[in-house]
Ligand SMILES: [Zn+2]
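Numbering (this note's numbering), first residue to last: 419 to 483.
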């Protein structure tokens, strides 16, 4: 699984796994359906917090080995 360098807002972990790229989220609000723009979804490997970013966001790969 691809890992990116970033900081989790919950636990400050800098490890997250890529859940999906160009993910569109659909839902309902006040009886109207909506569909978001494509987003990159990452999940913190430490606490499981989901982070969503605009598709234009770029992440630097960090090598810890
Ligand atoms: Zn976290």
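The beta-carbon is built from N, C-alpha and C at its ideal position, and this holds for glycine as well. Every value quoted in this text rests on a predicted model; they were computed, and no experiment measured them.
* For residue 465, which of helix, strand or coil comes out of DSSP? -> Within the chain shown, the letter at position 47 stands for residue 465. In the structure shown, residue 465 sits in coil (DSSP, three-state: anything other than H, G, I, E or B).
* **DSSP state of residue 455 mapped onto helix, strand, coil** => The count along the chain shown starts at 1 and reaches residue 455 at position 37. Correct three-state label for residue 455: coil.
* **Exposed unless 16 or more other CB atoms sit within 10 angstroms - verdict on residue 429** => Locating residue 429 in the chain shown gives position 11, counting from the first residue. Counting Cβ neighbours within 10 Å, residue 429 comes out exposed, since fewer than 16 surround it.
* To do: Could you spell out where the beta strand (DSSP E) holding residue 425 opens and where it closes?
  => Indexing the chain shown from 1 puts residue 425 at position 7. Element bounds for residue 425: n/a, residue is neither H nor E.
* Compare the C-alpha of residue 439 against each of 425, 457, 432 and 433 and name the closest. => Along the chain shown, read from residue 1 onward, the residue named residue 439 stands at position 21. Comparing Cα-Cα distances from residue 439 to each of 425, 457, 432 and 433, the minimum goes to 457.
* **Close Cβ partners of residue 426 (< 6 Å) along its chain, the five nearest in sequence each way excluded** => The residue given as residue 426 occupies position 8 in the chain shown. When the five nearest sequence neighbours on each side are left out, the beta carbons in the same chain lying within less than 6 Å of the beta carbon of residue 426 are those of 462 and 467, in order along the chain.
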